[in-house]
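In my numbering, the protein residues as written are 25 to 215. Note that beta-carbon positions come from the ideal geometry of N, C-alpha and C, so glycine has one too. These numbers were taken from a predicted model, which means no experiment stands behind them.
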Amino acid sequence: MSVSTSRSAAKASRRAALLAAAARLFAERGYAGTSIEDLGAQAGVSGPALYKHFAGKQAILAAILLDASSGLYSGGLEVVSRARGSDAVESLVAFHVAFALDNADVIRVQDRDLDQLAEGDLHVVRMLQRRYVELWVDVLAELHPDTDPAVLRTRAHAVFGLLNSTPHSGLSVDRATLRAELERMALSALA
Numbered sequence: 025m026s027v028s029t030s031r032s033a034a035k036a037s038r039r040a041a042l043l044a045a046a047a048r049l050f051a052e053r054g055y056a057g058t059s060i061e062d063l064g065a066q067a068g069v070s071g072p073a074l075y076k077h078f079a080g081k082q083a084i085l086a087a088i089l090l091d092a093s094s095g096l097y098s099g100g101l102e103v104v105s106r107a108r109g110s111d112a113v114e115s116l117v118a119f120h121v122a123f124a125l126d127n128a129d130v131i132r133v134q135d136r137d138l139d140q141l142a143e144g145d146l147h148v149v150r151m152l153q154r155r156y157v158e159l160w161v162d163v164l165a166e167l168h169p170d171t172d173p174a175v176l177r178t179r180a181h182a183v184f185g186l187l188n189s190t191p192h193s194g195l196s197v198d199r200a201t202l203r204a205e206l207e208r209m210a211l212s213a214l215a
């Protein structure tokens, strides 16, 4: 590995760690209740050191929510490129369940602080979210060609609500059981 590649990997790893720490803190305290100094302390660096990676607190929030939305959309595209019909639906559900279980803090931040984004960032997040929804609608339309797309969109949104509420449930069920139950409920809602 070259020095340049090693530096790039270290920078990407540091960025991811900073965003995870910020998501944890924003999820706990909210965007407005969190300072740059708080973020630095949570990440194990001085507040001003964050400016090496981000322009400010607003940029950190934007990175968290833009990364989540683009990750869902690109991941969804990958899922549907490998499967069709009911296999695609099952794969999309499994993908979103994994996202919800792995990104509880990000979901809390999205729920609470989306409106804190700058207008341009909010526009991009909403565009990516709409594309992700339409990916689901297209897959569901293959299975239910006679169903109004608005109904399919409603089903997709209902499933997102179900799965994205997981971080708020405080369940003490083991991950494998929770994952299986969420997938079963989501597939039932889409039937």
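When we look at the beta-carbon of residue i and count the other beta-carbons within 10 Å, is it buried (16 or more) or exposed?
i: Ser-19; result: Examination of residue 19 is not possible in this model, given that the chain is present from 25 through 215 alone.
i: Tyr-75; result: exposed
i: Lys-223; result: In the structure as shown, the chain begins at 25 and stops at 215. Residue 223 is therefore absent and cannot be evaluated.
i: Ser-93; result: buried
i: Arg-179; result: buried
i: Gly-185; result: exposed
i: Arg-132; result: buried
What number of angstroms, rounded off, separates the C-alpha of residue i from the C-alpha of residue j?
i: Val-175; j: Ala-210; result: 15 Å
i: Ala-46; j: Gly-57; result: 12 Å
i: Arg-203; j: His-120; result: 10 Å
i: Tyr-97; j: Leu-116; result: 11 Å
i: Thr-171; j: Asp-162; result: 11 Å
i: Glu-52; j: Leu-90; result: 20 Å
i: Arg-106; j: Leu-214; result: 20 Å
i: Ala-86; j: Leu-141; result: 6 Å
Got a sec, what are the start and stop residues for the alpha helix (DSSP H) residue i sits in?
i: Gly-100; result: 81-106
i: Phe-123; result: 109-126
i: Ala-65; result: 60-67
Requested in this report: Jot down the residue ranges of each uninterrupted alpha helix (DSSP H) in the region 132-200, minimum 4 residues, whole runs only, in chain order.
Outcome: 143-167, 173-188 and 190-193
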